[in-house]
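Encoded as structure tokens, the structure appears first; notes follow it.
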Amino acid sequence: MTITGHNLLGGEAAAGSGTEFHGVNPATGERLEPPFYEATAAEIDRAVQAAEAAFRAYRGVGPGARASFLRGVAEEVLALGDPLIERAHAETALPVARLVGERMRTVNQLRLFADVLEEGSWVEARIDPGDPARTPSPRPDLRRMLVPLGPVAVFGASNFPFAFSVAGGDTASALAAGCPVVCKAHPAHPGTSELVAQAIGRALAAAGFPPGVFSLLHGWSTEVGQALVRHPFITAVGFTGSLRGGRALFDAAAARPVPIPVYAEMGSVNPVFLLPGAVADRGPEIAAELAQSITLGVGQSCTNPGVVVGVAGPGFAQLQARLAEQLSSESPGTMLYDRLAASYAAGLDRFLAHGARRIAAAPAAAEASSAMARPALLAVDAESFATESALREEVFGPASLLVTATDRGGLLRAADALEGQLTASVFGSPEDLLAHADLIAVLERKVGRIIFNGVPTGVEVGHAMQHGGPYPATTDGRTTSVGSAAIARFVRPVCYQDFPQEALPAALRDRNEQGIWRRLNGQLTRDDVA
279 MTITGHNLLG GEAAAGSGTE FHGVNPATGE RLEPPFYEAT AAEIDRAVQA AEAAFRAYRG
339 VGPGARASFL RGVAEEVLAL GDPLIERAHA ETALPVARLV GERMRTVNQL RLFADVLEEG
399 SWVEARIDPG DPARTPSPRP DLRRMLVPLG PVAVFGASNF PFAFSVAGGD TASALAAGCP
459 VVCKAHPAHP GTSELVAQAI GRALAAAGFP PGVFSLLHGW STEVGQALVR HPFITAVGFT
519 GSLRGGRALF DAAAARPVPI PVYAEMGSVN PVFLLPGAVA DRGPEIAAEL AQSITLGVGQ
579 SCTNPGVVVG VAGPGFAQLQ ARLAEQLSSE SPGTMLYDRL AASYAAGLDR FLAHGARRIA
639 AAPAAAEASS AMARPALLAV DAESFATESA LREEVFGPAS LLVTATDRGG LLRAADALEG
699 QLTASVFGSP EDLLAHADLI AVLERKVGRI IFNGVPTGVE VGHAMQHGGP YPATTDGRTT
759 SVGSAAIARF VRPVCYQDFP QEALPAALRD RNEQGIWRRL NGQLTRDDVA
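With positions in the sequence shown counted from 1, the corresponding number in the working numbering is that position plus 278.
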């Protein structure tokens, strides 16, 4: 488990001839060894060529063998043990307990997709048997299912070094679909990325699959990612990060001679709406929940509650005071890297320049690193929020903007002004929820997940989860990057017309050998075709 600093290209380590860079401990500023090297154009091409060659074999691997491989990756990641956690802690300053939990989430994601493969119905098999006797013209035999796209480029995220990184949800869902992966490691945790990539390589070898099924590329500059997305053998992209970064990749992919989909999760303010019943019944408890959610992981979550909206009144004023008090008592925290902390501070200044006022701020740290961030609460009226677009932009970090409406109409105008979001939370009584059906109708058009009486942080990994929303939260709000439905991003439908049985994929043959759910003449069944 030695970290080499090499790019891993289809099972081969490239010592590197590109620009040198290092991981950095954000808490101390210490430069971490060894040095890493940006992938060159030739190395990027080698990785993608290897992925394309591997796809021809990997796409035909049966679901049971792919499931065993994913479980093998999970076991290899666990086998990395404490050294993986220690390196991730050094590179990110995230708490050890948080990293241990995130590693387990990553392992369970891999196991979830293994279960999905073994159950098998994700291929959405549809069979309309032919009818040569139909008049006035015979009906052809039509059979349709989902098939893998090809090599996928995955970009590791800075804020989740395991769950949205090298072996995270994008990689797991692409590999489950039958697509090789070329992963661009996030430069803020390169050593962590290499250790996990080595684990994937060992699982590949144990499964006997082509080594080109997975490669890892390093790079701090944007050139590596741009070159990867533009490579003609890459068929789709998975990305979690900033709006600027995701949009740059999306534009590059759209400008290719053959455009490809980019599934980018790019940012969200995750508004929280406080309805009168909830504020009256349990305002202090809601304030405590919000404070914990705002500061969780130093606010470095894509579901951080960046906006809190309520209607003016004594209860809301008391909640505001309680929330300000709690955030003022929080300790500063170390963000993932210094540029992120600088961007956070600039975002707060932008809010202040556009009419917001600061009503709470944690005390400054005695010995602050350049990556340190102080929790903060700012406030603005709903009319300003609805008219000033700068107040609706994400500020990534431990802060929230409290928006006060004078009446129900102001609450709705604030909701109407929002762009696409990952989530929205609504705190209220059941009666509140029914009385504010018009608010829910607005939010259904704005977000991917609506939460009742709960904070947005914490994303369950399961079959029904939707982690994606309208632009600019993502580039395609019809998809999710969390949960088993994420596999749908890396497949496309193919219809086989009048094929002989022996030439059909197993999922489409008359005999349902895999025992999966299929749609036969429009009806879901596990029966054979009669």
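The beta carbon of each residue, even a glycine, is placed where N, CA and C say it ideally should be. This one's a predicted model, so the numbers in the text were calculated from it and none came from an experiment.
By a C-beta neighbour count over all protein chains shown, 10 Å radius and 16 as the cutoff for buried, is residue i buried or exposed?
i                 : result
methionine 279    : exposed
glutamine 801     : exposed
leucine 448       : Inspection of the sequence shows that residue 448 is occupied by aspartate rather than by leucine. With 16 or more other Cβ atoms within 10 Å, it is buried.
phenylalanine 730 : exposed
valine 536        : exposed
valine 374        : exposed
arginine 334      : exposed
valine 772        : exposed
asparagine 437    : buried
proline 410       : exposed
proline 653       : buried
glycine 379       : exposed
serine 571        : buried
aspartate 716     : exposed
glutamate 472     : buried
glutamine 699     : buried
glutamate 791     : exposed
glycine 359       : exposed
proline 488       : buried
arginine 635      : exposed
asparagine 285    : buried
glycine 793       : exposed
arginine 522      : exposed
glutamate 330     : buried
serine 493        : buried
serine 609        : exposed
glutamate 672     : buried
Rounded to whole angstroms, what's the CA-CA distance from residue i to residue j? Just pull it up for me.
i              : j                 : result
aspartate 685  : alanine 668       : 23 Å
alanine 602    : phenylalanine 391 : 42 Å
proline 416    : aspartate 776     : 12 Å
alanine 831    : leucine 655       : Since the first residue shown for the chain is 279 and the last is 808, residue 831 is missing from the structure and cannot be characterised.
cysteine 580   : arginine 787      : 43 Å
glycine 338    : arginine 344      : 10 Å
isoleucine 512 : alanine 485       : 24 Å
proline 549    : alanine 642       : 27 Å
proline 510    : threonine 518     : 22 Å
threonine 370  : valine 355        : 18 Å
isoleucine 718 : isoleucine 728    : 8 Å
valine 658     : alanine 649       : 27 Å
glycine 611    : glycine 577       : 9 Å
histidine 613  : proline 304       : Per the sequence shown, the amino acid found at residue 613 is methionine instead of histidine. So the alpha carbons of these two residues sit roughly 7 Å apart.
lysine 462     : glutamine 596     : 47 Å
alanine 455    : arginine 767      : 9 Å
arginine 789   : aspartate 393     : 22 Å
leucine 388    : alanine 352       : 6 Å
leucine 362    : glutamine 476     : 11 Å
threonine 282  : glycine 490       : 19 Å
proline 592    : serine 399        : 53 Å
glycine 294    : histidine 300     : 13 Å
leucine 506    : leucine 287       : 13 Å
glutamate 666  : glycine 633       : 9 Å
proline 407    : glutamate 397     : 24 Å
Give me whichever residues DSSP pairs with residue i in a beta bridge.
i                 : result
proline 426       : Val769
glutamine 504     : DSSP lists no partner for glutamine 504.
glutamine 801     : Leu798
tyrosine 315      : Glu298
glycine 611       : Ala651
threonine 701     : Arg727
phenylalanine 433 : Lys462, Phe517
arginine 421      : Ile405, Tyr774
valine 681        : Val587, Val658
asparagine 285    : Ala292
threonine 384     : DSSP lists no partner for threonine 384.
At a cut-off of 7 Å, is residue i close to the ligand GTP when judged by its beta-carbon and the heavy atoms of the ligand?
i          : result
valine 430 : The model depicted lacks the ligand GTP and carries no ligand whatsoever.
Inter-stretch contact at 8 Å, needing at least 3 Cβ pairs: the region 424-431 / the region 738-752: no
Segments of 3+ residues assigned as beta strand (DSSP E) that fall wholly inside the region 538-602: 540-543, 550-552, 585-589
Length-filtered (4 minimum) alpha helix (DSSP H) runs lying within the region 756-790: Listed in chain order, there is nothing to give.
Three CB pairs or more closer than 8 Å across the region 525-535 and the region 563-580: The region 525-535 vs the region 563-580: no contact.
Completely contained alpha helix (DSSP H) runs for the region 319-352, where each covers 4 or more residues: 319-336
Touching by the beta-carbon criterion (3+ pairs, under 8 Å), the region 743-752 and the region 720-728: yes
Three or more C-beta pairs below 8 Å linking the region 519-527 and the region 313-325: no
Stretch-stretch touch, CB-based, cutoff 8 Å, three pairs: the region 308-323 with the region 491-500: yes
Inter-stretch contact (C-beta, 8 Å, three-pair minimum) for the region 676-683 and the region 575-590: yes
Every unbroken alpha helix (DSSP H) inside the region 458-542 [4 residues or more]: 468-485, 500-508, 521-532
Entirely enclosed beta strand (DSSP E) segments - the region 387-412, minimum 3 residues: 404-406
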